[in-house]
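Residue numbers (numbering that gives the first Met the number 0), protein chains in the order written: chain F, 0 to 473; chain L, 0 to 948.
Reading through the structure tokens given below for one structure.
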Amino acid sequence: MNTSYFPCAGSRAFHAPTRREFVYGMGASLGSVALTSLMAAEAKGPLAPKAQQVPAKAKNCIFLMMEGGPSHIDCFDPKPMLEKLHLKEFTKEGKMKSAMESGKRYYVKSPFKFAQHGQSGAWMSEPWQHLSGVADELCFFRGCQVDSVNHPTAMYQMNCGNRFGGDPAIGSWVTYGLGSVNQDLPGFIVLPEISYPQGGSANWGNGYLPAQFQGTPLRPKGSPILDLRPPQGITPEHQRANLNLLAKLNAKHAEEHPWHDELKARMNNYELAFRMQTQVPETLDLSAEDEKTKSMYGIGNDATDAFGRKCLLARKLVEKGVRFVQLYAGTWDSHDYIERAHGNLIRQVDQPIAALIKDLKQRGLLDDTLIVWCGEFGRTPDNGVRGGTAYGRDHNPKAMTVWFAGGGVKAGHTIGSTDDRGMEAIEEIHHVRDVHVTLLRLLGLDDNKLTFYHAGRFKQLSQFGGQVIEKLIA
Amino acid sequence: MNKKLTPLILLGIATVLPARGQNTDAELLFVRRIAPLFHEKCLACHGNDEAEIKGGLDMRTLASTLKGGDSEKPGFIAGKPEESPLYLASLRTHDDWEPMPPKEADKLYAEQLSWIKDWITAGAPWPDEAKRSVIAKTHAEKWSAEDGMTVKVTGALSPEWANRRYKPEALWGYQTVRKPVLSAQSSVHPIDALLAVKDPAPAADARTFIRRATYDLTGLPPTPEEIAAFESDLLDEADKSDAYRKLIDRLLDSPHYGERMARHWLDVVRYADSSGFANDYERGNAWRYRDYVVRSFNADRPYDQFIKEQIAGDEMAETNREQRTENSELLIATGFLRMGPWELTGMEVAKIARQRFLDDVTNSVGESFLAHSLQCARCHDHKFDPIPTHDYYSMQACFGTTQLAEQPAPFLKAENTAGFEEKKYLEVRRIEHMAMLESLDQKMLANAEAWYAEKKLDRKDWDAAVASARAFIEQGGKMKKGRSFTGIFETARSTMQKKNLPEDQYPPKLVGFEPEDYGNERVARKGLERLKWELERYEPFAFSVYNGRTPQLVSVYQPIRMPQDRMTSGELEQTAILGGGDPFSPTKPVKPGVLSVLGSAEFPDGIEGRRTTLANWIANKDNPLTTRAIVNRLWLWHFGQAIAGNPNNFGSTGKRPTHPELLDWLAATLVEKNWSIKEMHRVIMMSEAYRRSSAIQNSKLSREEAEKSYAVFKPRRLMAEELRDTMLSVTGELNPTLGGIPNRPEINIEVAMQPRQVMGTFASAWVPNAKPEQRHRRSLYALKIRGVRDPFMEVFNEPAPDFSCEARVVSTVTPQVFSLFNGQASYDRALALANRVLKEKPANVITRVFQLTYGRSPTTEEKAICKAHWQQMEQKQANVVIASHKPPLSVKRDAVEENTGEKFSFQEKLPGYAEFVPDLQPADCDARTRALADVCLVLMNSNEFSYLY
């Protein structure tokens with residue numbers, strides 16, 4: 000049966016499904032793991048699973064993108080020194096100064112208390128009440144640095160390796176390299192906020208890779224996939240009738256152009272799309288989950304409902320064989336009021352993320368799944384005077400915390416460190432490209448082998464090559 | 000004119016030194032092969048940068064190589080390649096040694112591996128520098144003859160790079176264009192003579208040909224009447240060529256020709272109506288550049304002039320200052336230089352943003368006009384092509400005094416300035432934002448009083464400050480024409496601040512704000528800022544450049560105007576080679592220059608005239624890259640495959656031309672025809688090759704081979720824009736007006752209303768134009784915002800405007816079905832077509848639908864099944880209830896406020912929808928029409944509709 004979500008031109012023979020298959024067979028391919036893997040074995044399209052390039056534990060990735068720049072200083076990297084420096088003024092010098100950083104500045108202490116958690120003694124601020132319970136599953140990395148102080152360029156760099164946009168996103172590279180187990184769903188799914196981030200959908204674009212590897216956003220409101228259903232009033236039966244006429248006209252045209260093999264792929268696509276109209280909403284339906292699970296994720300609770308749904312859906316998607324799921328939460332761009340803004344934001348994601356880790360673990364999926372948590376940069380220990388004192392922080396490309404959990408990472412460790420104010424990384428310093436290379440390695444891909452020829456050279460996620468951060472790997 | 004173009008000639012080295020002493024073969028091998036190989040493949044990580052030697056292995060000297068690296072084993076063991084880490088790592092198959100070089104793309108070829116093996120086997124001699132230099136000189140001529148050419152360039156970073164050898168075929172692009180000599184007597188078209196196709200397919204039938212030609216030259220389908228006329232012409236004319244010629248002339252004269260060519264050119268230059276990045280501000284007057292391109296093609300502006308205007312139009316205007324209006328065209332043309340995404344926010348370092356512009360424009364000129372990507376030479380001498388980084392920065396120096404500004408440029412008669420009255424909707428928004436800020440100001444003033452009461456502080460000073468602020472603002476204050484807002488609260492507060500009072504003695508900023516106040520304040524304040532860019536649309540300004548010193552910009556939050564003191568104020572940039580491409584690491588200063596592989600040009604010393612010199616050098620008939628680049632594109636636009644397969648990259652990593660002689664013949668012919676693009680269409684389209692059928696019949700060739708050899712014509716799917724324009728065209732809804740401010744068709748409503756973060760706020764919703772005729776313009780004119788892509792266009796492979804698109808890709812993905820089969824626009828077009836045909840009362844309805852969509856009559860069988868479907872659907876449609884959709888006059892936006900981290904929502908008013916006239920609605924049509932629309936929807940989704948043969 001032809002079941003690729005994104006079949007490639009002329010990849011497989013056309014098979015007109017019988018009416019019976021439409022009535023009874025629709026959900027089957029999504030509902031059964033056995034069947035899914037059976038089909039995967041037969042699949043030959045661009046999304047067909049491919050062997051890992053290097054041995055690795057993780058098979059899937061859930062990427063938690065805290066868009067806006069979460070503050071390491073108020074989350075996972077305590078700086079007691081700032082208690083002493085609080086509100087002390089100074090002026091920043093240097094050629095790399097943007098307008099944002101110029102003028103008088105003052106230090107800001109974290110409004111949150113910190114404590115160590117788990118056997119590993121991981122530092123977390125007070126609002127992380129649930130994540131602290133799974134501290135020993137996490138591997139914190141405090142040495143990451145990026146190039147840009149501006150949101151969209153830093154977002155592009157974190158997501159696509161290149162500050163200027165237009166390059167393929169990590170999820171696109173990963174599905175390009177590994178394919179995807181489930182041929183009925185996209186291999187790279189994005190769960191954005193209702194409001195798209197700065198830089199827009201280019202954050203999950205396929206760039207120069209083939210369109211099959213583009214991130215597909217499942218929209219939190221309205222139709223999850225655009226135009227998934229015809230206008231209101233058009234029934235599936237009505238559409239089936241139109242499709243039948245289409246099939247007849249296309250069949251006749253194909254007969255006259257027997258050498259033109261693209262035609263078949265295009266015809267198959269219409270049948271697949273028709274099936275997906277029913278299948279996708281079924282996949283996204285969380286109502287079948289038991290109440291205990293839902294409340295574990297914080298679904299139904301106002302603060303945690305939205306991100307809780309995303310996390311639960313992410314687990315379902317990974318279970319169904321989707322290779323790469325990226326979740327957005329934000330915006331963490333707290334220039335003025337860290338306590339209020341970060342406090343609220345942490346509460347919105349804390350319980351859902353902890354639930355996701357526990358849930359994956361109890362289902363035996365955590366070993367196969369790499370979880371990454373990060374923003375596009377960290378935040379400064381100080382703030383600028385903009386019409387009065389406000390306890391917030393500016394953008395900081397020189398220090399941030401990225402954490403990993405799941406397959407292949409050195410859980411229960413904190414790697415690298417920042418200076419006593421959290422201004423810059425000072426130990427185990429790595430450019431974000433090394434984080435990318437490491438992420439690929441954890442998924443069984445070698446950045447230097449995962450290349451695509453475009454505009455005169457072989458391009459790769461890290462741009463020019465990078466280094467695996469061995470200390471992050473178990 | 001002070002310039003020289005020296006297309007490549009083979010360089011031999013004249014001096015032959017007598018051999019001094021005897022050198023072993025292995026020594027020669029080292030000098031000739033091993034040393035350059037180490038330089039190219041190893042030293043980047045193993046010696047060039049002493050501070051960062053990878054794996055501890057330094058390969059700069061024999062001693063250090065023998066010492067080995069972290070493995071503590073010598074780099075090689077003389078005489079024993081199979082035990083030498085250097086060789087084993089290069090093989091990439093050994094278990095103990097990591098493959099080297101690490102990147103798969105850099106791996107050594109078999110021949111290179113055999114050199115290493117032979118050299119180690121022969122004892123691995125490593126002659127010293129002096130001896131190497133003698134050996135190199137002694138054998139230069141012989142090796143040169145055997146190994147390919149060296150190329151003379153300026154300013155290479157190392158002698159190894161300067162002296163490296165190129166296979167002549169890798170340098171094809173730089174070689175002089177040589178027009179092949181063809182038999183004068185032959186009646187065979189030169190293109191066909193040069194293609195020399197074996198076993199060609201017969202000519203396509205008349206209908207297929209006119210469809211092909213009409214889409215190629217206008218991007219629109221031929222009407223049934225045009226098809227019939229051409230069919231009869233082709234039968235009647237004694238000389239068939241006349242019928243073809245007449246058709247081609249008619250199409251070239253169509254104003255839609257310019258629109259079609261503009262679509263191609265705008266793909267190359269990355270046209271968009273917004274700046275991208277954080278703010279994605281609208282580029283209000285970019286549309287005038289888009290229309291300049293349309294006009295240029297329609298007027299058949301000679302291509303050399305087209306180049307010069309886009310690179311140096313403003314300089315040309317300077318020499319001709321009296322003709323202000325005519326000069327508008329020249330200023331508009333330079334919009335080309337600014338087509339890349341660009342902005343400068345307060346969060347960015349100005350110098351870095353400036354460098355982004357310089358890098359962007361340097362590469363863009365290279366790719367667009369010279370088919371040469373230059374960015375590879377930004378950090379080092381080009382890895383594959385004879386482009387030293389010195390050339391890159393010399394080209395960049397041509398733009399070192401180029402500054403960005405929207406320049407005054409009166410509207411031309413040829414420009415379409417209709418529809419400016421839509422400005423009123425922006426005014427409504429402006430007033431609304433002002434009102435919001437005023438009400439928040441009142442709220443803060445009230446909150447301030449409450450604040451004083453709560454703190455039990457004396458408010459005498461505050462009240463005085465408020466009173467004086469109120470008086471100041473009532474007299475006009477700092478507000479410029481109502482385009483920005485400074486409130487009483489803010490003014491009073493700043494008075495208090497200036498008194499150096501402690502912060503807790505006067506109210507904090509945004510005092511007493513509720514979460515939604517923060518949001519509303521941002522939306523209004525940033526909204527006013529964004530309006531400044533949108534209002535630029537109706538102003539007689541060109542998106543342009545000027546020459547001068549680089550002004551000290553901190554941020555750009557409104558359109559830029561040219562400063563009065565442009566020649567005296569700011570930094571006079573001294574372009575230099577930048578270490579690692581970093582603007583804070585200048586090394587050697589460079590002067591304006593051109594690609595030294597092709598000669599040199601003499602540039603003026605001052606601020607002005609640099610780009611004119613560059614443009615003249617590019618648009619020179621002897622520049623082999625320029626002429627080949629454009630004819631190669633033209634060929635691609637007609638045949639769906641280029642002669643040189645990477646139209647933006649003629650360098651050695653680009654695909655070699657499949658028919659180099661043909662490419663040269665076309666390039667030479669372009670110059671002979673005075674750079675006339677229209678003449679080139681005539682030449683190309685009158686060839687047999689262009690007329691050929693797509694059908695593979697009884698051929699021994701595979702389809703791919705037949706297409707590649709031009710034995711058949713390669714079919715293609717309609718481009719995204721062609722698909723939409725065709726649907727509008729067959730329903731009769733298409734408004735064929737040329738040019739003007741961008742229009743806003745209806746796009747998927749969820750995308751239109753999708754909240755989108757821009758810096759500090761949310762971009763406004765996509766509100767379509769009020770009237771159908773405004774919406775139903777050609778896709779070329781649709782407002783193109785980098786952050787909001789029309790999903791219909793996107794799924795059908797419209798390129799994103801980040802990179803130059805050298806050729807469209809065609810992929811078949813499921814979301815295309817969702818868009819085309821389920822989308823509201825398709826339903827609207829299907830209904831409009833059904834309504835059109837039924838209103839025309841044709842003899843046979845189904846026949847007319849087929850003629851309009853396919854350009855032919857249905858077969859008896861097709862007619863029967865479509866008729867049956869129509870009847871069947873009429874019964875179904877009788878029971879379908881479709882509500883008319885009401886345009887939303889406001890939309891509720893949900894978001895997370897950045898100050899509070901809390902959810903907040905606001906109502907965005909959509910004044911543009913107030914006078915919205917919807918397209919024909921199902922509720923306005925009877926079941927019979929709606930049922931015929933089902934047939935139309937199917938036809939518009941069918942393969943025959945989408946493919947061109």
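Think of the CB as a built atom: it goes at the ideal place given N, C-alpha and C, for glycine as much as any other residue.
- Message: I want to verify the contact list: residues of chain F whose CB lies under 8 Å from the CB of Q906(L), in sequence order.
- Response: Here the premise fails: no neighbours, minimum Cβ distance about 15 Å.
- Consult DSSP for E749(L) and reduce its assignment to one of helix, strand or coil. In this structure, E749(L) counts as helix in the three-state DSSP scheme.
- Message: Which of the three DSSP states is assigned to L919(L) in this structure?
- Response: It is coil, neither helix nor strand.
- Item | Identified DSSP bridge partners for P585(L) | DSSP, once it has assigned bridges, lists L577(L) as partnering P585(L).
- Query: Which residues of chain L have a Cβ atom closer than 8 Å to the Cβ of I224(F), listed in chain order?
  - Reply: Below the 8 Å Cβ cutoff, chain L contributes P814, F817 as neighbours of I224(F), in chain order.
- Item | For G418(L) and G608(L), the rounded distance between their alpha carbons | Rounded to whole angstroms, the gap between the alpha carbons of G608(L) and G418(L) is 38 Å.
- Does any CB atom of chain L fall closer than 8 Å to the CB of A454(F)? Chain L, which has a Cβ nearer than 8 Å to the Cβ of A454(F), makes this yes.
- Message: For P6(F), which residues in the same chain have their Cβ closer than 8 Å to its Cβ, ignoring the five residues on either side in sequence?
- Response: With a pLDDT of only 26 at P6(F), under 50, the local geometry of the prediction cannot be trusted, and no value is derived from it.
- Message: Along the stretch 744–775 of chain L, where does the CB come closer than 8 Å to a CB of chain F? Name the residues.
- Response: If the cut-off is 8 Å between Cβ atoms, the stretch 744–775 of chain L has N747, E749, V750, Q753, P754, R755, Q756, V757, M758, F761 near chain F.
- Task: Give the straight-line distance between the Cα atoms of S36(F) and V317(F), rounded to the nearest whole angstrom.
- Result: Annotation note: pLDDT 32 at S36(F) (below 50); position unreliable, no value reported.
- V152(L) beta carbon less than 8 Å from that of P385(L): In this structure, V152(L) lies closer than 8 Å to P385(L) by Cβ.
- Query: Does DSSP put I233(F) in a helix, in a strand, or in coil?
  - Reply: Here I233(F) sits in coil by DSSP.
- Item | Straight-line Cα distance separating R536(L) from D344(L) | The residue asked about is misnamed: residue 344(L) is Thr in this sequence, not Asp. One Cα belongs to T344(L), the other to R536(L), and the distance between them is close to 22 Å.
- Message: Please classify L460(F) as buried or exposed, where buried requires at least 16 neighbouring CB atoms within 10 angstroms.
- Response: Classification for L460(F): buried.
- Range covered by the beta strand (DSSP E) that runs through W372(F): The continuous beta strand (DSSP E) containing W372(F) extends over residues 368–373.
- Query: Does K103(F) get closer than 8 Å to chain L when you measure Cβ to Cβ?
  - Reply: For K103(F), the answer is no, since every Cβ of chain L falls outside 8 Å of its Cβ.
- Query: With 16 other CB atoms within 10 Å as the buried threshold, where does D335(F) fall?
  - Reply: Around the C-beta of D335(F), 16 or more other C-beta atoms lie within 10 Å, and the residue is accordingly described as buried.
- Query: At a Cβ threshold of 8 Å, is K102(L) touching chain F?
  - Reply: Answer yes: the Cβ-Cβ gap between K102(L) and chain F drops below 8 Å somewhere.
- Item | Helix, strand or coil at C41(L) according to DSSP, with G and I counted as helix | Shown here, C41(L) sits in coil according to DSSP, grouped into three states, outside any helix or strand.
- Could you check if P603(L) is buried or exposed, using at least 16 other CB atoms within 10 Å of its CB as the buried criterion? When all chains shown are included, P603(L) counts as exposed.
- Query: Counting along the chain, where does the alpha helix (DSSP H) carrying H868(L) start and finish?
  - Reply: Unbroken alpha helix (DSSP H) run through H868(L): 859–877.
- If you draw a straight line from the alpha carbon of V436(F) to that of G198(F), how long is it in whole angstroms? Each residue's Cα considered, the two are about 23 Å apart.
- Which term fits H129(F), buried or exposed, when burial requires 16 or more other beta carbons within 10 angstroms of its beta carbon? Around the beta carbon of H129(F), 16 or more other beta carbons lie within 10 angstroms, which makes this residue buried.
- Item | Cβ pair E414(L), R300(L) closer than 8 Å | Note that the C-beta distance between E414(L) and R300(L) is not below 8 Å.
- If you run the structure through DSSP and keep just helix, strand and coil, what is I188(F)? Correct three-state label for I188(F): strand.
- Task: Mind listing the chain F neighbours of R428(L)? Cutoff is C-beta to C-beta under 9 Å, in chain order.
- Result: Within chain F, no C-beta atom comes nearer than 9 Å to that of R428(L); the closest sits roughly 19 Å away.
- Task: Please compile the residues from chain L whose C-beta is within a distance smaller than 7 Å of the C-beta of I169(F).
- Result: Annotation: I169(F) has no Cβ neighbours in chain L at a cutoff of 7 Å; minimum Cβ distance is about 17 Å.
- Message: Does any residue of chain L have a CB that is nearer than 8 Å to the CB of P16(F)?
- Response: Low per-residue confidence applies at P16(F): pLDDT is 30, beneath 50, and the placement is therefore not dependable enough to give any value.
- Item | Proximal residues, the stretch 362–385 of chain L versus chain F, C-beta separation under 7 Å | From the stretch 362–385 of chain L, only S372, C375 have a Cβ closer than 7 Å to chain F.
- Among E431(L), H680(L), E687(L), nearest to L251(L) - alpha-carbon criterion: Of E431(L), H680(L), E687(L), the residue nearest in Cα terms is H680(L).
- Message: Please state the DSSP three-state secondary structure of V890(L).
- Response: Strand, per DSSP.
- Bridge partners of N382(F), per DSSP? BP columns for N382(F) point to Y105(F).
- Would you identify the three-state DSSP class for Y141(F), choosing helix, strand or coil? One point to set straight first is that residue 141(F) is Arg, not Tyr, in the sequence displayed. DSSP places R141(F) in coil when its eight states are reduced to three.
- Are the beta-carbon atoms belonging to E258(L) and L727(L) less than 8 Å from one another? A distance of 8 Å or more separates the beta carbons of E258(L) and L727(L).
- Item | Own chain partners of L355(F) with C-beta closer than 8 Å, once the 5 adjacent residues on each side are dropped | Setting aside the 5 residues that flank it on each side, L355(F) is surrounded in the same chain by I61, Y296, C310, L311, A313, R314, I370, each with a C-beta closer than 8 Å to its C-beta; the list follows chain order.
- Query: Can you list the residues of chain L that K247(F) reaches, using a CB-CB cut of under 7 Å?
  - Reply: I864, listed in chain order.
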